[in-house]
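**Student:** If you number the sequence shown the way the numbering used here does, the last residue is 88 and the count never jumps.
Below is a structure I'd like to ask you about.
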Amino acid sequence: LNYLDIPAQEAAIGLFRSLNASGATLLISTHIMSIAERLARDVLIINRGRIVWSGAMAELKAMAKPDERIEEVVARLMK
Numbered sequence: 010l011n012y013l014d015i016p017a018q019e020a021a022i023g024l025f026r027s028l029n030a031s032g033a034t035l036l037i038s039t040h041i042m043s044i045a046e047r048l049a050r051d052v053l054i055i056n057r058g059r060i061v062w063s064g065a066m067a068e069l070k071a072m073a074k075p076d077e078r079i080e081e082v083v084a085r086l087m088k
């Protein structure tokens, strides 16, 4: 999604949500956590081919310290 302009990104996100609402499971691979936050219910974090964390996006967000961005939480988990 990062190579698309904003209207195309929004259209793609709308399509993904529509497919998911109709019962489809989507597997999205991204380093852009803002996209993951918008689309993912569940998250799998992989570092050097190993799973370092797996759980709900809500759990991942709850791990953030005050004023900590989700990217910082992920970086912490990958150490």
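C-beta: ideal position from N, C-alpha, C; glycine also.
Owing to the predicted nature of the structure, the values given are computational and were not obtained by experimental measurement.
Is it right to say valine 61 is buried, meaning 16 or more other beta carbons lie within 10 angstroms of its own, or is it exposed?
**Tutor:** Result: exposed.
**Student:** Counting C-beta neighbours from all protein chains within 10 Å, is the total for leucine 69 16 or more, i.e. buried, or is it exposed?
**Tutor:** By the neighbour-count rule (16 or more Cβ atoms within 10 Å), leucine 69 is buried.
**Student:** Short of 7 Å in beta carbon distance, which residues of its chain neighbour leucine 48, apart from the five on each side in sequence? Order them along the chain.
**Tutor:** Cβ neighbours of leucine 48 beyond the five flanking positions: Ile22, Phe25 and Ile37.
**Student:** Measure the Cβ-Cβ separation of methionine 66 and valine 82 and say whether it is below 8 Å.
**Tutor:** No, the pair does not count as a contact, with Cβ atoms beyond the cut-off.
**Student:** Provide the residue(s) that pair with alanine 65 in DSSP beta bridges, ordered along the chain.
**Tutor:** Answer by DSSP bridge pairing, in chain order: Asp51.
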